[in-house]
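>
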Amino acid sequence: MNAMTNFLKPEIQNSNRFCEIHKERMILVAGRDFCKTCAIKAVEKAQSEHMVSVNTSVREKHFAGALLPVRHAESGFKNYNVTHEGQRDAKAACHAYAKDFNNPEIKQKRNLIMYGRTGTGKTHLACAVARNVLDQRSYVRYVTSEDMANEIANAWTKADDSEASAVWRFTDYDLLIIDEYGLHDQHESRLQLVHKVLYSRYDAKKPTVLSSNWTKEQLKDNLGDRLWSRFQHDGLTIVECNWADARAGEG
Ligand SMILES: Nc1ncnc2c1ncn2[C@@H]1O[C@H](COP(=O)(O)OP(=O)(O)OP(=O)(O)O)[C@@H](O)[C@H]1O
Ligand SMILES: [Mg+2]
Ligand SMILES: [Zn+2]
């Protein structure tokens, strides 16, 4: 019995060596010298490396869940160039929008509409907003208007889905970014599906970012008085992007 206990609890003896780093007497365990402080530090280092890797993987999954476009994997405020007033104002408005979104004292979050010509950085800025909001652990989803309408329209074809569940999924995100609004099948029923999400988010007091190539008048017209009024109710930031196309290198 005694031999068994001794085996399970090996006797710890003082060694006659000293740790060169900590200048403390080492201990002798199973014939080897150890410094207690070195051993504790090694365990702490391993634990903190493990936590960093867990946090990194949680953060990566959280960002991946937003489904930001691969092309805009690096699009942020830092690499949004400002060469004229329009860009400066657009960047400042989006930056303020993200900052207010992340401010816990501001309970009711605003909506954001970005409209203007192709290639003026709307998706870039929308992704910059998304990134800043994701950084604070809010749930964000990026989707094009077309993909969202298709997903809702096709929900009934899947055994475990329905139109109502699909609308609810898009309502549940803290922030939904609907890009390329209107750039798809403009059949009444498809647009109505997008409108359903907008109504549902309004009812749930959830903010939405809407980006489009349409003019403000076209958007107002298409959304109709009821949605336009709802969009403004909780506060609305409007950003107009009408300058040269960055893709064509005109800007
Ligand atoms: N001010 C800017 N600074 C840095 N890069 C920019 C800027 N504006 C646009 N870009 C880059 O130009 C490309 C086109 O921009 P983006 O896709 O955001 O345009 P868009 O307004 O969404 O166009 P569309 O209406 O066709 O969708 C992207 O690669 C984007 O990162
Ligand atoms: Mg775009
Ligand atoms: Zn030591």
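Position in the sequence shown (from 1) plus 1178 gives the number in the numbering used here.
Glycine residues also receive a C-beta, built at the ideal position from the N, C-alpha and C atoms.
Predicted, not measured: the structure shown is a model, and the values here were computed from it.
1) Which word fits I1218, buried or exposed, when buried means at least 16 other C-beta atoms lie within 10 angstroms of its C-beta?
2) In chain order, what are the residues with a CB under 7 Å from some non-hydrogen atom of ligand 2?
3) For E1358, which three-state DSSP category applies?
4) Would you please state the rounded distance, in angstroms, between the beta carbons of R1379 and T1335? I believe it to be under 8 Å.
5) If you run the structure through DSSP and keep just helix, strand and coil, what is I1284?
6) Closer than 7 Å by C-beta to M1179: which residues in its own chain qualify, once you throw out the five before and the five after it? Chain order, please.
7) What residues come near ligand 3, if near means a beta carbon less than 5 Å from any of its heavy atoms?
8) So, do the stretch 1324 to 1332 and the stretch 1364 to 1373 have three or more beta carbon pairs nearer to each other than 8 Å?
9) Between A1268 and ligand 1, is the CB less than 6 Å from at least one heavy atom?
10) If you count every other CB in all the chains shown that lies within 10 Å of the CB of P1385, and 16 or more means buried, which is it?
11) Please report the straight-line C-alpha distance between T1234 and E1395, rounded to a whole angstrom.
12) Residue range of the alpha helix (DSSP H) that D1325 falls in?
13) Reducing DSSP to helix, strand and coil, say where G1294 ends up.
14) Nearest CA to the CA of A1344: which residue from G1360, D1325, L1361 and D1357?
15) Using a Cβ distance threshold of 8 Å, determine whether the stretch 1285 to 1295 contacts the stretch 1410 to 1420, with at least three qualifying pairs required.
16) Which of the three DSSP states is assigned to I1190 in this structure?
17) Give a single yes or no on whether A1244 has its beta carbon closer than 6 Å to a heavy atom of ligand 1.
18) Provide the residue(s) that pair with Y1320 in DSSP beta bridges, ordered along the chain.
19) With H, G and I counted as helix, E and B as strand and the rest as coil, what does DSSP make of M1179?
So, to answer that:
1) An exposed status is given to I1218, since fewer than 16 other beta-carbon atoms sit within 10 Å of its beta-carbon.
2) K1300, T1301, D1357, E1358 and S1389
3) coil
4) Wrong, their Cβ atoms sit about 24 Å apart, outside the cutoff.
5) The DSSP-derived three-state label of I1284 is coil.
6) Unreliable positioning characterises M1179 in this predicted model, as indicated by a pLDDT of 47, which lies under 50. The coordinate reading is nonetheless provided below. There are no such residues.
7) That gives C1197, I1199, H1200, C1213, T1215 and C1216.
8) yes
9) no
10) buried
11) 44 Å
12) S1323 to A1331 is the extent of the alpha helix (DSSP H) around D1325.
13) strand
14) D1325
15) yes
16) coil
17) Not so, every heavy atom of ligand 1 lies at least 6 Å from the Cβ.
18) I1355
19) Legend: pLDDT at M1179 = 47, less than 50; position of this residue unreliable, value from coordinates given subsequently. In the displayed model, M1179 falls within coil according to three-state DSSP, outside both helix and strand.
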